[in-house]
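Residue numbers (the working numbering), protein chains in the order written: chain E, 56 to 204; chain F, 56 to 204. Here a beta-carbon is modelled for each residue, glycine too, at the ideal position from N, C-alpha and C. Quick caveat, the model's predicted, so the values are computed rather than measured. Following: one structure in C-alpha cells, then a few remarks.
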DNA sequence: TTTAAATAAGACAAAGTTGTCTTATTTAAA
DNA sequence: TTTAAATAAGACAACTTTGTCTTATTTAAA
C-alpha cells in the first residue's frame, strides 16, 4: 500500500466534505456513517487535517468540520502530507537510507520516474475536482457501490 | 512503502545470491551478515522463495541456498510475488474493493498508469542484471555504502 | 440555565508486521 | 559414528498501525 489507511480515509473524508456545499459544518459522525469509517478513528485523522491547516473544526452543537480554504485549491498531495507526512514519496523502494544521495539502489531511477509521475498527479488533482466527478457519478469513494458517493 | 520489508530483504538476498557465482550453496547466515538482515527473519523469507520455486535449499554442512533456475531468467516481479503475493500491484490506491470492475475510485486511472509502468519494469529487470550493476559498482544493496555490495 | 450535540485528548485493545529464540532435523566431514 | 553446520518449523516478543472507548470540554438551542 503506497498510502496508509489513515491517509485513504482522510482523502475520502475530504472529498465528502467538498460534496457538502451548503456552508454548514459537517459532523465527523455524519462522514463516518456515510463513508463507513470508524468514527473515533476518523476524528483522529481529521485532527491531523486540522493541524495541517486544511480543515477547521468547531465544537458543540451545530459544530463539525469545514474547509479552512477553498477546496478548489486543495490538492490530494496536501492531504497526504498532512496525514502521512512529508517523506511518503521520498523513501527508497528498497528501504536504503540516502539512496538518492549516496550510491543508489538498483531500482532508484525506475522508482524515481514512477513516483514523480504520481506526485505530479497528486499535486494537480484537487479535492473539488474529485468531488465533481463523484457528483456526476463517474467515480465512487465508498466501498459499496453507493449511488450517492 | 509499496513493498513490505520482507519483500525488500528477499530482493536484496536474491541479488546477493546471484553475485555468488561459484556454484556453491550459500548459507543464510552469510547473506544475513553481509546484508545486515536478521538471520532468523531472513530464513523465513527464504523459505517463501523456496516454496515459490525461485531458490532451492539444502540442509546440513555445506548446505545453504542456490537458485532453482538461472537468475538470468528470474525477474524482480517473481520475487515480489513469491513474498508479498499476487495482488500487491492490483490493490486500489484508495482501498476500494473491485475498483477496476465496479465504478472506479477517483484516482483509478492515474494509479493504474503508474503501477503499470512499475510492473513492466519489475517484469523486465532480472536478478542477474542487478547483480551485474552491483559488481560494476554502480548501485548498492546494503544500507551502508559498502564497497562490496 | 440546562441539555444535547459536537470535538479534543488520550488510554487501551486488536491486528499485522517485523524480529528473536528454541527445538528438531538433515547432511557432510572428521 | 560422532560432530558441527546448516535449514525447517513454529512459538513468542516487540513494534506499528488500526480501531475502540471513556472522559473532558465547548457550544447552540431549548
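Near residue i, what residues of its chain come up, given a Cβ to Cβ distance below 6 Å and the 5 sequence neighbours on each side ignored?
i	result
residue 185/E	70
residue 89/F	none
residue 138/E	61, 62, 65, 103
residue 194/F	188
residue 100/F	61, 64, 65
residue 87/F	94, 97
Got a sec? Which residues, its chain only, sit under 7 Å from residue i by beta carbon, not counting five neighbours each side?
i	result
residue 154/E	147, 160, 163
residue 170/F	144
residue 177/E	130, 131, 132, 135
residue 76/F	none
residue 203/F	none
Between the beta-carbon of residue i and the beta-carbon of residue j, is there less than 8 Å?
i	j	result
residue 80/E	residue 119/E	yes
residue 121/F	residue 111/F	yes
residue 198/E	residue 152/F	yes
residue 67/F	residue 196/F	yes
residue 57/E	residue 58/F	no
Taking the alpha-carbon of residue i as reference, which of the options has the nearest alpha-carbon?
i	options	result
residue 63/E	113/E, 175/E, 182/E	182/E
residue 73/E	88/E, 174/E, 188/E, 141/E	188/E
residue 105/F	123/F, 96/F, 92/F	123/F
residue 128/E	179/E, 93/E, 95/E	179/E
residue 200/F	156/E, 57/E, 92/E, 192/E	156/E
residue 168/E	167/F, 165/F, 172/F, 166/F	172/F
residue 174/F	125/F, 191/F, 142/F, 190/F	142/F
residue 117/F	149/F, 78/F, 150/F	78/F
residue 190/E	140/F, 125/F, 203/F, 158/F	158/F
So what does residue i bridge to, in DSSP terms?
i	result
residue 81/E	120/E
residue 181/F	130/F
For a test of your reading of the model: does the CB of residue i fall under 7 Å from any non-hydrogen atom of the ligand COA? Yes or no.
i	result
residue 175/F	As for the ligand COA, it is missing from this structure, which has no ligand bound.
Counting only the same chain and skipping the five closest in sequence on each side, list residues whose C-beta sits under 8 Å from that of residue i.
i	result
residue 91/F	197, 198, 199
residue 149/F	160, 161, 162
residue 126/E	69, 72, 73, 181, 182, 183, 186
message = Extract the residue ranges of the alpha helix (DSSP H) inside the region 105-171 of chain F, only unbroken runs of 4 or more that lie entirely within it.
response = Taken in chain order, the whole alpha helix (DSSP H) runs of length 4 or more contained in the region 105-171 of chain F are 131-139.
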